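In the working numbering, the protein residues as written are 6 to 564.
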C-alpha cells in the first residue's frame, strides 16, 4: 500500500454509503486497486458495498471493474455481488453492458445471461453484430444463448463460420442451449464435410438429449459423410440405454447401410433391451448379407436366452462372414435346445454342415466344442478343415483342446498332415508384412484365414489407435482397414498414415459395407469424392466379397 490507512479507508466508505454519496464513494474507490490496498481490505470494501441498496451499489461495482484487482477470490466476490445487485435492475445492467468499459461489459453480459434478463436480448444481439473484441463477443454469444429466445437464433448463424474457433464453438453451443426444433434444425444445417465444425455440431446436438435431437442424431447414421456418421455413432454410444428405443424405431423402412449402422451401434451400447428387435431382423433373413452379419455380431455382444434358438440358422448362411458371426453369437448364447440343433446340422455331413463346422472352428467358438467334441461327424469335418484351410494359430488351439480331451491320436494325425501342407508355403510370403485393422474380432479372424491361405502371416489390430506406433516402428507392405470403427475411422487412420507415408510407400485397402463409397471401372477411387481422394486410400473393397475378389486385390499390391 502507498500510505492508505485500511481502517480509515473502510470507515470513510461506510460514511459515504450511509450518506448515499455516490460521487465521494467513487472518488474513494479509486484507491481500491492492488497498488493501494491489499486483498483483505478489498474484500472488506465489497462486504460494505453488499449492504448498500442496488441503485447505489451497482454504479460503484461497475466503477470497481475499471481498477486493477488481481486476487481471484476478490474477482469472484465482485462478480457475485454484481449478480446479486443486478437482479431486478435490468435497465442498469443494459446500460453497463453497452458502455465502453470492456471488463464491465463482460461481467454484466455474464450476469444478464445467468439471470435470464430477456429484456437485454436486443442489446446483446447488437453487441454480437458490432463487436470485434473476442472476449466480449464470446461472452455475448454465451449470454444470448442462456436467454433461450428462439427469435435470436439468426444472430448466431454467421458466427459458426467465424475465424476464431472459440467463437465458433460458443455459437454452436448457444444454439444448442436454445434448442427446440428450430435450434436443432439450424445445427443440422451446419453439418458438412468440414471435420472440426461438424464434430462440434454433432456433439452439441447429442448434449440436448430430447426426443427430436435423438431422432436427428440417429438419422446421421444414414449420412454419406464418414465424419458425421462416425461422430454420431460415438455420441450415441455415450448416451447409452436412452438411445436404444430411438435406434430400434429407426429400423422401420431403413435402407441397408443405415440398418447396418443402427444394429452395430446397438451392439456397441450393449443393452439387452435391443435383443427382441434384432432377433426380428434375423428372423426376416434380410437379402443383404451385411445386415445379417451385423445382426449376428450384435447378438454376440448381447447374450440372451431369448436369442439362442434362432441363431443356428446363421451357420447355414451362404456368406462365410455371416456364418462366422453367427458362430460367435452362438458361443455366447448356448442352451440345450441350441446344442441339439447344432448336432443335427453337424450330423448331416452336407456342404452346409462342413461350412458350419469351419465357421465354428475359424471363429474360435470354444464353448461349443465341449458339446460337439464327442460327435464323430464333427471331428471328421474338423479334420478336413484344419488340414486344408485353417490358419496355424487356430489349428494349434483346436489341437490343444483335442489333447486335453484325450483325443491325442487324431490331434497328432492332423498335425502331421498340416505340417506337410504348411511346408509348401512360399518363404518370401512370410517376410511380407500386412497389417489388418478391424474392431470386429470375428472379421479379423476371417482376414487372417484368407491371408493364411494365400501364404501370408498378418498382424491384427482390433483398436486403430494402436496401429500408428506399430507402423512408425516397422513399415508394413500393406494395410487393410475397416471403414467404420469407434473412436477412429478407417479414413482417419489412413490420414494419419499419409502424414509420413505415400500411397506408393504403404498401400491402404479400405473394407466397407457403405454403398456410397464408389470406385471406377479400374477400381480406383472416384475422383469426384473429394474426401476419399484426399484420404489417401488406394482401393475400396465392399463387403460381402468373394475369395476371388479378395485375392485379386491382395495380389494387385503384393504380386
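Each residue gets a CB set at the ideal place from its N, CA and C atoms; glycine is no exception. Just so it is clear, the structure is predicted and the values come from calculations on it, not from any experiment.
Cβ-Cβ separation, residue j to residue i (assumed contact under 8 angstroms), whole Å
{"i": "residue 187", "j": "residue 157", "result": "Actually they do not touch by this definition, with Cβ atoms about 11 angstroms apart."}
{"i": "residue 226", "j": "residue 270", "result": "7 angstroms"}
{"i": "residue 513", "j": "residue 558", "result": "So it is not a contact: roughly 12 angstroms between Cβ atoms."}
{"i": "residue 373", "j": "residue 391", "result": "Contact doesn't hold; Cβ gap of about 16 angstroms is too wide."}
{"i": "residue 475", "j": "residue 492", "result": "Not a contact, Cβ separation roughly 17 angstroms."}
{"i": "residue 232", "j": "residue 181", "result": "Contact doesn't hold; Cβ gap of about 19 angstroms is too wide."}
{"i": "residue 302", "j": "residue 275", "result": "Contact flag wrong, Cβ pair sits at about 12 angstroms."}
{"i": "residue 152", "j": "residue 118", "result": "7 angstroms"}
{"i": "residue 223", "j": "residue 241", "result": "7 angstroms"}
{"i": "residue 29", "j": "residue 63", "result": "Between residue 63 and residue 29 the Cβ distance is about 17 angstroms, and since that is not below 8 angstroms, they are no contact."}
{"i": "residue 37", "j": "residue 72", "result": "6 angstroms"}
{"i": "residue 256", "j": "residue 286", "result": "7 angstroms"}
Local Cβ density within 10 Å of residue i, reported as buried at 16 or more and exposed below that
{"i": "residue 566", "result": "Because residue 566 is not part of the residues shown, which for the chain are 6 to 564, the question remains open."}
{"i": "residue 362", "result": "buried"}
{"i": "residue 528", "result": "Because the pLDDT of residue 528 is 41, which lies under 50, any placement of that residue in the model is unreliable, and the question is left without a value."}
{"i": "residue 323", "result": "exposed"}
{"i": "residue 147", "result": "buried"}
{"i": "residue 328", "result": "buried"}
{"i": "residue 20", "result": "exposed"}
{"i": "residue 58", "result": "exposed"}
{"i": "residue 110", "result": "buried"}
{"i": "residue 163", "result": "exposed"}
{"i": "residue 472", "result": "buried"}
{"i": "residue 495", "result": "buried"}
{"i": "residue 12", "result": "exposed"}
{"i": "residue 201", "result": "exposed"}
{"i": "residue 33", "result": "buried"}
{"i": "residue 421", "result": "exposed"}
{"i": "residue 368", "result": "buried"}
{"i": "residue 548", "result": "buried"}
{"i": "residue 67", "result": "buried"}
{"i": "residue 288", "result": "exposed"}
{"i": "residue 553", "result": "exposed"}
DSSP bridge partner residues for residue i (one or two, in chain order)
{"i": "residue 486", "result": "442, 515"}
{"i": "residue 464", "result": "440"}
{"i": "residue 547", "result": "517"}
Pick from the options that is closest to residue i, judged by C-alpha positions
{"i": "residue 139", "options": "206, 108, 381", "result": "108"}
{"i": "residue 290", "options": "320, 306, 309, 515", "result": "320"}
{"i": "residue 517", "options": "40, 504, 149, 262", "result": "262"}
{"i": "residue 74", "options": "491, 274, 50", "result": "50"}
{"i": "residue 371", "options": "381, 338, 356", "result": "338"}
{"i": "residue 170", "options": "206, 10, 190, 189", "result": "206"}
{"i": "residue 82", "options": "53, 244, 360", "result": "53"}
{"i": "residue 443", "options": "281, 487, 506", "result": "487"}
{"i": "residue 380", "options": "298, 27, 352, 462", "result": "352"}
{"i": "residue 295", "options": "403, 314, 268, 279", "result": "268"}
{"i": "residue 385", "options": "360, 72, 135, 402", "result": "360"}
{"i": "residue 132", "options": "154, 509, 160", "result": "160"}
{"i": "residue 398", "options": "383, 423, 178", "result": "423"}
{"i": "residue 84", "options": "56, 60, 113, 99", "result": "113"}
Backbone CA spacing between residue i and residue j [nearest angstrom]
{"i": "residue 451", "j": "residue 137", "result": "58 angstroms"}
{"i": "residue 499", "j": "residue 546", "result": "15 angstroms"}
{"i": "residue 173", "j": "residue 104", "result": "25 angstroms"}
{"i": "residue 358", "j": "residue 331", "result": "14 angstroms"}
{"i": "residue 41", "j": "residue 47", "result": "10 angstroms"}
{"i": "residue 308", "j": "residue 551", "result": "30 angstroms"}
{"i": "residue 468", "j": "residue 405", "result": "28 angstroms"}
{"i": "residue 124", "j": "residue 266", "result": "46 angstroms"}
{"i": "residue 407", "j": "residue 395", "result": "15 angstroms"}
{"i": "residue 416", "j": "residue 342", "result": "29 angstroms"}
{"i": "residue 541", "j": "residue 344", "result": "47 angstroms"}
{"i": "residue 524", "j": "residue 115", "result": "At residue 524, the pLDDT of 43 sits below 50, so the modelled position is not reliable and the matter cannot be decided from this model."}
{"i": "residue 389", "j": "residue 334", "result": "24 angstroms"}
{"i": "residue 447", "j": "residue 217", "result": "35 angstroms"}
{"i": "residue 23", "j": "residue 247", "result": "58 angstroms"}
{"i": "residue 456", "j": "residue 317", "result": "27 angstroms"}
{"i": "residue 354", "j": "residue 336", "result": "21 angstroms"}
{"i": "residue 149", "j": "residue 97", "result": "18 angstroms"}
{"i": "residue 279", "j": "residue 215", "result": "20 angstroms"}
{"i": "residue 562", "j": "residue 460", "result": "15 angstroms"}
{"i": "residue 25", "j": "residue 9", "result": "23 angstroms"}
{"i": "residue 508", "j": "residue 230", "result": "22 angstroms"}
{"i": "residue 454", "j": "residue 503", "result": "28 angstroms"}
{"i": "residue 544", "j": "residue 515", "result": "6 angstroms"}
{"i": "residue 76", "j": "residue 95", "result": "28 angstroms"}
{"i": "residue 168", "j": "residue 194", "result": "19 angstroms"}
{"i": "residue 477", "j": "residue 350", "result": "47 angstroms"}
The ligand COA heavy atom lying under 6 angstroms from the CB of residue i
{"i": "residue 299", "result": "Absence of the ligand COA is noted for the structure shown, with no ligands found whatsoever."}
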